[in-house]
Structures are given as C-alpha cells and as structure tokens.
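Positions 9 to 224 (the numbering used here) are the ones given, in order, by the sequence shown.
Idealized CB from N, CA, C, for every residue including glycine.
Before any comments, here is the structure.
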Amino acid sequence: MIQAFIFDLDGVLTDTAEYHYRGWKRLADEEGLPFSREDNEHLRGVPRRESLMLILKGRSYPEEKILEMMERKNNYYLDFIKEISPRDLLPGARELLEEIHASGRKNALGSASKNAPEVIDRLGIRDLFDALSDGHSVERQKPAPDLFLHAAAQLGLSVADCVVVEDAAAGIEAALAGGFRAVGLGPRERVGQAQAVFPSLDGVHLADLLKSLNEE
Ligand code: BG6
Ligand code: MG
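Now the structure itself:
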C-alpha cells in the first residue's frame, strides 16, 4: 500500500521559478551577463551552484567570486520570497496534502532548495508535512536519488511505500533511480518517464493518484 507521498516544492506546490529568475536576473545585470526568462527555464530544479554555472556559460571566475555571486543572488531571492503567502500555493496543492493526511498517509517534502523550509512556512503548510528534506539534507542533488531516500528514511518507510511527485525531468530521474514510483506534473516530453502524468495538481484527488498507480 502507498503510505506516503514525497513532494517536490518548486513547480509542484508553488511557483518560485519567477523569484529565482528575478534574483539571477539582478545578479546577471550587475555582472553584465546575458540572461533571459527563456534561459531561466533551463534552471528548473537545478541547484544553486549549477544554476550559476549555466548562467556563466563557461566564463571562468575565481572560486571566491563564485561564492560571492551565489550569496548575492540568494540575498536577492530571500528578499523576493518575503512576498510569498498562502495565496501562492498552486491550485489543488493544499487540498491534496490535507486529503493525504486525512487518509492516515504521510507527506514529505523533497526539495533541492536550501530555502524550502522558509517557503513552506510562508505558504502556511508546514503542519501538513511529516518530514522535510531540502538542499541541506544531502550532498548529491537530483538526478541522484539521495534526497528522496533521505525523505523516506525520515518517514521510516521503505521506497516501495512512497510515491514521488515532481515537475522536473531530473526529479523523475531521481525518483526512478531510487526505485520509487513517480507522478509527473507537466508535459509528457518533460515528465513522461513517470508511472503517472497529470498537467498539474489542480483538481487531482488522492483517489486519482492511487488509481493512476493501480492502487485503488
Ligand atoms: C530548486 C529550484 O528547487 O532549488 C532551483 O528549482 C534552485 O531553481 C534550487 O536553484 C536551489 O535553490 P536555493 O534556494 O537553495 O538556491
Ligand atoms: Mg520542481
């Protein structure tokens, strides 16, 4: 029986991509680096350092400067996410988290962001989680399975008991690498490797997830 769901945060429960974009854009402008909204799409689910590397496009900088730029972007991001409130939950997210809890199952967070706890506090959903795994929890990020394995371990459940809900290709890859079943949100070209695919969580109930995974 499915006993828990492990949710990615960005693009699944809320859309922080816009705030990450504004942070990186401000840094890129200050440094005279070209960076567009389209470029930002390639940063979905990508950890902070790797994101900067993609923006730098092979330009080389001393390590000190790299760390300073990462910190500067993060400070801008922290300023922007002060605007986040429960209104920023994506449609269907709270309802589904509540329904899972009401059924006696568990919810865990599996986000690559080091700021994930702050974001779920601002969204007002911390009390709906039984475990939080974030960018501080493991060394190897998605597509390595470590973050989701960390979440399952915190819940005290085996991989077979948990289902990962993700919107990024690297996240689906991470789930499958760990032996988890995955629910993909978004276009099939992006998340088609998952066992079940929905456009988003809007209108998706626990029964729909269970049915899509043949666990009625
Ligand atoms: C992911 C986001 O969840 O977290 C990425 O999709 C982000 O865009 C990454 O770079 C790391 O986030 P943070 O908050 O630790 O810089
Ligand atoms: Mg995501």
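Where the alpha helix (DSSP H) through residue i begins and ends
i: V205; result: Note, V205: premise wrong, no alpha helix (DSSP H); beta strand (DSSP E) at A204 to F206.
i: R45; result: R45 to E49
i: R134; result: Taken as a continuous stretch (DSSP letters only), R134 belongs to no alpha helix (DSSP H), as it is neither H nor E.
i: A139; result: Where A139 is concerned, there is no enclosing alpha helix (DSSP H), although the beta strand (DSSP E) it sits in stretches over A139 to S141.
i: Q162; result: D154 to L163
i: E58; result: R56 to L64
Beta-carbon proximity of residue i to residue j, cut-off 8 Å
i: S145; j: L131; result: no
i: E174; j: D18; result: no
i: A168; j: P151; result: no
i: Y85; j: G40; result: no
i: P153; j: G186; result: yes
i: I133; j: R95; result: no
i: L98; j: T24; result: no
i: G100; j: L214; result: no
i: Y29; j: I89; result: no
Backbone CA spacing between residue i and residue j [nearest angstrom]
i: N115; j: L218; result: 15 Å
i: V20; j: G66; result: 31 Å
i: E69; j: G112; result: Reading off the sequence shown, one finds Tyr at residue 69, where the question assumed Glu. Approximately 51 Å between the Cα atoms of the pair.
i: D142; j: G53; result: 12 Å
i: A158; j: I128; result: The question names Ala, but residue 158 is His in the sequence shown. Straight-line Cα distance between these residues: approximately 18 Å.
i: P42; j: I63; result: 8 Å
i: L105; j: L136; result: 6 Å
i: G194; j: I14; result: 17 Å
i: N123; j: P207; result: 26 Å
i: M61; j: L184; result: 26 Å
i: G118; j: K33; result: 26 Å
i: N83; j: E223; result: 44 Å
i: L75; j: R148; result: 18 Å
i: A202; j: I180; result: 6 Å
i: P55; j: A120; result: 6 Å
i: S4; j: K81; result: Summary: the structure shown does not reach residue 4, with the chain confined to residues 9 through 224, and so no result is reported for it.
Run of the beta strand (DSSP E) containing residue i, from where it starts to where it stops
i: K114; result: K114 to G118
i: E174; result: C170 to E174
i: I14; result: A12 to F15
i: G192; result: R189 to L193
Cβ-Cβ separation, residue j to residue i (assumed contact under 8 Å), whole Å
i: A36; j: L165; result: Actually they are not in contact, since the Cβ atoms of A36 and L165 sit about 41 Å apart, beyond 8 Å.
i: L221; j: I10; result: 7 Å
i: E171; j: F188; result: In the sequence under discussion, the amino acid at residue 171 is Val, which differs from the Glu named in the question. Right, the Cβ-Cβ distance comes to about 7 Å (below 8 Å), so this counts as a contact.
Give the residues whose C-beta lies closer than 5 Å to at least one heavy atom of the ligand MG, in chain order. D16, D18, G19, G53, D175 and A176
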